[in-house]
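Residue numbers (full-length UniProt numbering), protein chains in the order written: chain A, 1 to 453; chain B, 1 to 453.
2 protein chains.
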Amino acid sequence: MKVIKFGGSSLASAQQLIKVKDIVKSDPTRRFVVVSAPGKRDNDDIKVTDALIKYYKAYTSDQDVSEIQDWIIRRYQSIIDELNLGSKILSKISDSIKKLATEPIEDNDFLYDTFLAAGEDNNAKLIAEYFTKSGVPARYIHPKKAGMFVTSEPGNARIIPSSYDKLEALREYEEVLVIPGFFGVTVDNQICTFSRGGSDITGSIVAAGVKADLYENFTDVDGIFAAHPGVVHKPHSISELTYKEMRELAYAGFSVLHDEALIPAYRGRIPLVIKNTNNPEHPGTKIVLSHEGPQLPVVGIAGDDKFVSINISKYLMNREVGFGRKVLQILEDLHIRWEHMPTGIDDMSIVIRERELTPIKEQEIISQLTRKLEVDEVSIQRGLSIIMLVGENMKSHIGVTAAATKALSERDINLVMISQGSSEVSVMFVIETEQEKKAVRALYKEFFTESSD
Amino acid sequence: MKVIKFGGSSLASAQQLIKVKDIVKSDPTRRFVVVSAPGKRDNDDIKVTDALIKYYKAYTSDQDVSEIQDWIIRRYQSIIDELNLGSKILSKISDSIKKLATEPIEDNDFLYDTFLAAGEDNNAKLIAEYFTKSGVPARYIHPKKAGMFVTSEPGNARIIPSSYDKLEALREYEEVLVIPGFFGVTVDNQICTFSRGGSDITGSIVAAGVKADLYENFTDVDGIFAAHPGVVHKPHSISELTYKEMRELAYAGFSVLHDEALIPAYRGRIPLVIKNTNNPEHPGTKIVLSHEGPQLPVVGIAGDDKFVSINISKYLMNREVGFGRKVLQILEDLHIRWEHMPTGIDDMSIVIRERELTPIKEQEIISQLTRKLEVDEVSIQRGLSIIMLVGENMKSHIGVTAAATKALSERDINLVMISQGSSEVSVMFVIETEQEKKAVRALYKEFFTESSD
């Protein structure tokens, strides 16, 4: 059995829904379909979710809501008309949209979530209707009926572990089940949405719950590229990634899927594939627990900017028990999240994201390091980028780091820091941001192409 | 003004003392001479300090002490006779050695220190006498008279900061001052010794106190080699090192001077030179605050074994605020000193010295990481070595790391970890110990010799 999730751009129009239906129809093991709200049809379009935000604002500020209500209903109607689904489903959706403007405003922590979730919820109803009409018997399932119970944290719901057992019962249905993504229901029967990447989370949870053989995540790209297409000309797409590799790439700027969304699938040991609704024949990128066949040593190269390094030196630092822990404590007390901490003998650097370091926090760090830890020197280095060379198979290929550092040095790229831990899933290079693109291109050329300069 | 310190092997015989006198005489700015106890004359000899330990043990266990007393006195006598210093100095030293066996044993925390210090103290008297007789007017100064006041920590004395002002007054003497190394005096007038490297510490303190232009440390080698002579055939000696570079090399197994001994000189900004009593024309190795002239990118290569890595992985580790700090807290609570902590995204390694990890502590770490921090995996990797490639000028030479990793990969040496911080004083490679010598040789060849394999 497969869980298949479609993103907003895959569901934006009748034309897209036809592709979606064909995809589902072509494989009878595609039994659970998780859907987003209709996305943009073109660059000037508005997402249904964004229209719902506008609707919520108008409603809560006591403005006239009829215009935005109409816009949203017409958005669904245009799809319904093109697909000839009839008036019954339209009036169902229309009622649902209008009913939002009767929800209580006062003391309602879940109002915003309820408005937003309507985008996915109504789209699921529409799609189930369309599937059934076009010969794919389907059933819409509300998350409450599915058993998707979540914590009472508006905008940041987390699944309640006992939900997985309830979700498993969905295997018993004979029809294709269409499940709206992005939200669950609290024990008090309130609609509560997940954080960013919401429909991906739903798909991941359903996949784990029904113990799917595969979680198919359909987007509008042919999978994950080995390097950013904006930096490298026509990078090849990756056929297989491990969850670990995916995490390392996501960290340094790759953002096809929100990585937290993958936790349920990862913990449930469900393999995942990222595919393209507009090009379903392309095998896409498979995300697995571990590689099976032979692999290139490097699967991808990611680069991300806006990093800062706090450089500390103190004579005999490494003799001082607890020094590193005290430095991290200072950061923690200031709610600063750190990323890396390469250490020398008498010096250490702490790499953090620029947004973590407000001028006030910067001053406080310097003051505490100087006063409490009596460091000899502390300096802040800005304008840094991280380049991650990712691949679980690097460990069985001696010389990957050598080839990488050589490729960088030949292009006069100065390595501010390097870190390669024993896991050997990745090598991290810290360089100056102005050299980032050059570095990614150099590494791509080194590990993926054979051609000359 | 220069402070000049001689180690035990430079003071083991009359023949050696003649060299020492010539060295002091040849430069009138050599005004402060810090001396160790007489060392071994050959491999089968006994150091005076070791004889004093034997003497202490006999005395405190109520055995006959006359034999060992005689041995020690005869040891000084043989030098006195060869140098024709006469009976007055001999009886002074003889009285001092015998007097030790009248010190109170009960409730005397400083007895062991008092016995040990006698080796340096009597040697200083002897040397001052010899210098004066051979035309170098000299004066023996006891640390108490010099103003060398220390904390009451037997075997681990630390200088009391106000001592530096008192020491500065030593500049006023016209004679060469001969100061016994290794010990100071507490405010309660007790003899208290420094930790290992004791005479080096005295020299370093005196150099800082008298604001010397140079601290000359005479040993029995031509300075510090760029790699260990037991690994690399005839390594060249380093002409100039910074204190930072010295620390990095000392960390990974270079042990010419005990690095804590250098703190006073470092803090006092006094340059230091390591020279050979048996080859005083050799310029030796100068240790400076910062390089002035042009330098090779790499000054030295050190390797040290007996390291262990604790490898931890946890999905989404880097999202967890305080994770690294909690790991370090676990180690700190178990009194484990860590060395390095390279981090990936979802994994980190902690490198520690093998002696820190008893089987019980290992079990405790694994249990706490699993239970308290809920890590996905934890493993212990043994048999690791650290290789440090050291040189402050690496930062202005792009490609040092590339050349190093290439040299290692060409010899099939697998890099378990790499760490290079922003200070760029060193690059650290963690490799398997069985490849350590091969790695040091490969790097030496890469950075110091031009010849082919």
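Virtual Cβ for every residue (Gly too), placed ideally from N, Cα, C. Just so you know, these numbers come straight off a predicted model, no measurement behind them.
Problem set entry | Those residues which DSSP pairs with A/Q420 across a bridge | Residue pairing from DSSP places A/Q420 in a beta bridge opposite B/I418.
Exercise. If you measure beta-carbon to beta-carbon, which residues of the segment 298-315 of chain A are closer than 7 Å to chain B?
Worked result: With the criterion set as a beta carbon lying under 7 Å from some beta carbon of chain B, the members of the segment 298-315 of chain A are S309, N311, S313 and Y315, in sequence order.
Exercise. With 7 Å set as the bound, which would you pick, yes or no: does the beta-carbon of A/V321 sit closer than that to a beta-carbon of chain D?
Worked result: You won't find chain D in this structure, because its protein chains are A and B.
Exercise. Based on Cα-Cα distance, which residue from A/I141, A/D347, A/F110 and A/V150 lies nearest to A/V35?
Worked result: Measuring from the Cα of A/V35, the nearest candidate turns out to be A/I141.
Problem set entry | A/L331 to A/R337 span [Cα, whole Å] | The C-alpha of A/L331 lies about 7 Å from the C-alpha of A/R337.
Problem set entry | Status (buried if at least 16 other CB within 10 Å, exposed otherwise) for A/K372 | Exposed, since its Cβ has fewer than 16 Cβ neighbours within 10 Å.
Exercise. Taking one C-beta from the segment 178-192 of chain A and one from the segment 98-113 of chain A each time, how about it: are there three or more such pairs within less than 8 Å?
Worked result: Flag = yes, the segment 178-192 of chain A and the segment 98-113 of chain A touch.
For this session: Say whether chain A places a C-beta atom closer than 7 Å to the C-beta of B/K406.
Result: Residue contact check for B/K406 against chain A: a CB pair falls below 7 Å.
Problem set entry | Interface partners of B/Q295 on chain A, CB under 9 Å | For B/Q295, no chain A residue has a Cβ inside 9 Å of its Cβ, as the nearest lies near 18 Å away.
For this session: Starting from the C-beta of B/E364, find all residues in its chain whose C-beta is less than 7 Å away, skip the five residues before and the five after it, and write them out in chain order.
Result: The residues are L334.
Exercise. Between which two residues does the beta strand (DSSP E) harbouring A/N290 extend?
Worked result: It is Ser, not Asn, that sits at residue 290 of chain A in the sequence shown. Here A/S290 belongs to no beta strand (DSSP E), and DSSP marks it neither H nor E.
For this session: Say whether the segment 432-451 of chain A touches the segment 58-66 of chain B, bearing in mind that this needs 3 or more beta-carbon pairs closer than 8 Å, one atom from each stretch.
Result: Contact check between the segment 432-451 of chain A and the segment 58-66 of chain B: fewer than three CB pairs, one atom from each, fall below 8 Å, which does not count as touching.
Exercise. How far does the alpha helix (DSSP H) with B/E172 in it reach, from first residue to last?
Worked result: Note, B/E172: premise wrong, no alpha helix (DSSP H); not H, not E.
Problem set entry | Ordered list of alpha helix (DSSP H) runs contained in the segment 302-366 of chain A, each at least 4 residues | Runs of the alpha helix (DSSP H) inside the segment 302-366 of chain A: 323-333.
Exercise. If we ignore side chains and look at the alpha-carbon of each, how far apart do B/I73 and B/L90 end up?
Worked result: Between B/I73 and B/L90, the C-alpha separation is close to 8 Å.
For this session: Just grab the DSSP bridge partners of A/G184 for me.
Result: DSSP, once it has assigned bridges, lists A/C192 as partnering A/G184.
Exercise. By DSSP, does A/Q381 sit in helix, in strand, or in coil?
Worked result: Correct three-state label for A/Q381: strand.
For this session: For my contact list, residue 458 of chain B and B/V210 are in at a C-beta cut-off of 8 Å; report their separation, rounded to the angstrom.
Result: What the structure shows of chain B is the stretch from 1 to 453, and residue 458 of chain B is not part of that stretch, so it cannot be assessed.
For this session: Step through the CB atoms of chain B and report whether any lies within less than 7 Å of the CB of A/D453.
Result: Since pLDDT at A/D453 reaches only 37, below the 50 mark, its modelled position is unreliable, and no value is offered.
Exercise. If you measure from the beta carbon of A/Y164 to each beta carbon in chain B, is any gap under 7 Å?
Worked result: Not one chain B Cβ lies under 7 Å of A/Y164.
Exercise. Should A/A402 be flagged as near chain B, meaning a C-beta pair shorter than 7 Å?
Worked result: At least one CB of chain B lies nearer than 7 Å to the CB of A/A402.
Exercise. When DSSP builds the beta bridges, which residues end up paired with A/M388?
Worked result: According to DSSP, which records beta bridges pairwise, A/M388 is partnered with A/A302 and A/M428.
For this session: Let me know the beta strand (DSSP E) ranges lying completely inside the segment 133-163 of chain A, each 3 residues or longer, listed in chain order.
Result: Entirely contained in the segment 133-163 of chain A, the beta strand (DSSP E) runs reaching 3 residues are, in chain order, 138-140.
Exercise. For A/A226 versus A/G300, is the C-beta spacing smaller than 7 Å?
Worked result: Cβ atoms of A/A226 and A/G300: closer than 7 Å.
Problem set entry | For A/E405, three-class secondary structure by DSSP | Per the sequence shown, residue 405 of chain A should be read as Thr rather than Glu. In this structure, A/T405 counts as helix in the three-state DSSP scheme.
Problem set entry | Test: B/V425 CB closer than 7 Å to a CB of chain A | Chain A contact via Cβ: present.
Exercise. For B/D453, which three-state DSSP category applies?
Worked result: Reliability of the predicted coordinates at B/D453 is poor, the pLDDT of 37 falling under 50, and the value obtained from them is presented with this limitation in mind. The answer is coil: DSSP assigns B/D453 none of H, G, I, E or B.
Exercise. What is the rounded straight-line gap between the Cα of A/I80 and the Cα of A/G86?
Worked result: Taking the straight line from one Cα to the other gives about 7 Å.
For this session: Give the single residue among B/V221, B/D222, B/V273 and B/P229 whose Cα lies nearest to the Cα of B/T242.
Result: Taking the Cα of B/T242 as reference, the smallest distance to any Cα among B/V221, B/D222, B/V273 and B/P229 is reached at B/V273.
Exercise. In chain A, what lies closer than 8 Å to B/Y251 by C-beta?
Worked result: Result: N318 and I345.
Exercise. Are the C-beta atoms of A/M341 and some chain B residue less than 7 Å apart?
Worked result: For A/M341, the answer is yes, since a Cβ of chain B falls inside 7 Å of its Cβ.
For this session: Check the Cβ-Cβ distances between B/L415 and every residue of chain A, and say whether any is below 7 Å.
Result: Chain A contact via Cβ: present.
Exercise. Which residues bound the alpha helix (DSSP H) around A/I72?
Worked result: Counting along the chain, the alpha helix (DSSP H) containing A/I72 begins and ends at S66 to E82.
Problem set entry | Where B/E434 falls, given that 16 or more other Cβ within 10 Å makes a residue buried | By the neighbour-count definition (other C-beta atoms within 10 Å, threshold 16), B/E434 is an exposed residue.
For this session: Just the chain A side, please: which residues come within less than 9 Å of B/K438 by C-beta, in chain order?
Result: Here the premise fails: no neighbours, minimum Cβ distance about 13 Å.
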